[in-house]
């Protein structure tokens, strides 16, 4: 009897145990967590704004007495434009307004949107109009009318600029590019010889630390060239009265 009871008890426990295991759901397999997405910057957000249209530099000879005249001389640097005041349209060539079809009127515009001379600090800050083409030689001539001078060792060539080089052969572009790149003065350098003028045109873009005109001229001289002028603005764009 005892043996029979023992067998029955074992059978009952076996049935109950199998029922419990059947009712208990198997633990779910946990999926590995995906790493959080790292936000990426858009091209617009990461791009650095260019500062080619702004010039800030030290000068000598700027005083409280000639400050107003210096500003007038700079304001006299102008460009030709053909404009429709009603439609707010300006272009370099004569013609009709593309909006209202009326003839465009010839006008002169200042090369600068803003001129800020400081006699106390001996500095000059200029904001060049986006449509203007400004030459360093023109700037030096305008300042020279009132005995104000630019020190090449303190004149930074910031942003984008166009260097005019003379005294070189038609095949000198690679040598000039190499000299400027070896000196690590610019982020971008591209030279092209103009057979019509006999000049080498060098398009450059400075980085965060802009080189001075003196350093650029020295690098070009090491490649047997001569820096004769610097130009800011769209080449082939709006010209000057002179």
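Residue numbers (the working numbering): 26 to 267. The C-beta atom is built at its ideal place from N, Cα and C for all residues, glycine as well. Keep in mind the model is a prediction, meaning the values are calculated, not measured.
Determine the burial state of residue 220: buried for a count of at least 16 other Cβ atoms within 10 Å of its Cβ, exposed for fewer. exposed
Rounded C-alpha distance that separates residue 69 from residue 172: At residue 69, the pLDDT of 34 sits below 50, so the modelled position is not reliable and the matter cannot be decided from this model.
Please state whether DSSP places residue 170 in a helix, a strand or coil. coil
Is the beta carbon of residue 225 closer than 8 Å to that of residue 193? yes
Residue 258 and residue 190 closer than 8 Å at C-beta: no
Could you tell me the alpha carbon to alpha carbon distance between residue 253 and residue 229, rounded to whole angstroms? 15 Å
Which of helix, strand or coil does DSSP assign to residue 133? strand
Measuring only the C-alpha atoms, how far is residue 170 from residue 130? 31 Å
Express the C-alpha separation of residue 209 and residue 240 in angstroms, rounding to a whole number. 11 Å
Given residue 116, which residues of its chain have a CB within under 6 Å of its CB, disregarding the five upstream and five downstream residues? 107
Excluding the five sequence neighbours on either side, which residues of its own chain have a C-beta within less than 6 Å of the C-beta of residue 242, listed in chain order? 252
Evaluate the contact criterion for the region 119 to 126 versus the region 182 to 189: three or more CB pairs, one atom per stretch, below 8 Å. no
C-alpha distance - residue 64 paired with residue 231, whole-angstrom precision: The predicted position of residue 64 is uncertain, since its pLDDT is 42 and thus under 50; no value can be drawn from it.
Range covered by the alpha helix (DSSP H) that runs through residue 207: 198 to 207
Judging by CA-CA distance, which residue of 127, 218, 188, 100 is the nearest neighbour of residue 113? 127
Please classify residue 142 as buried or exposed, where buried requires at least 16 other C-beta atoms within 10 Å of its C-beta. buried
Should residue 46 be labelled buried (16 or more other beta-carbon atoms within 10 Å of its own) or exposed? With a pLDDT of 43 at residue 46, under the threshold of 50, the modelled position of that residue is not reliable, and no figure is offered here.
Is residue 82 closer than 8 Å to residue 175 when the C-beta atoms are compared? yes
Between which two residues does the alpha helix (DSSP H) harbouring residue 241 extend? 238 to 246
So, at 7 Å on beta carbons, what are the nonlocal neighbours of residue 204 in its own chain, with the 5 sequence-adjacent residues on each side left out? 244, 245, 247, 248
Please classify residue 199 as buried or exposed, where buried requires at least 16 other C-beta atoms within 10 Å of its C-beta. exposed
My understanding is that residue 96 touches residue 140, with C-beta atoms under 8 Å, so please give their C-beta distance in whole angstroms. 5 Å
Within 10 Å of its beta-carbon, does residue 155 have 16 or more other beta-carbons around it, so buried, or fewer, so exposed? exposed
For the region 74 to 135, list the alpha helix (DSSP H) runs that are entirely contained and at least 4 residues long, ordered along the chain. 92 to 100
Boundaries (first-last residue) of the beta strand (DSSP E) holding residue 145: Note, residue 145: premise wrong, no beta strand (DSSP E); not H, not E.
Figure out for me which residue from 84, 223, 79 has the closest Cα to the Cα of residue 165. 84
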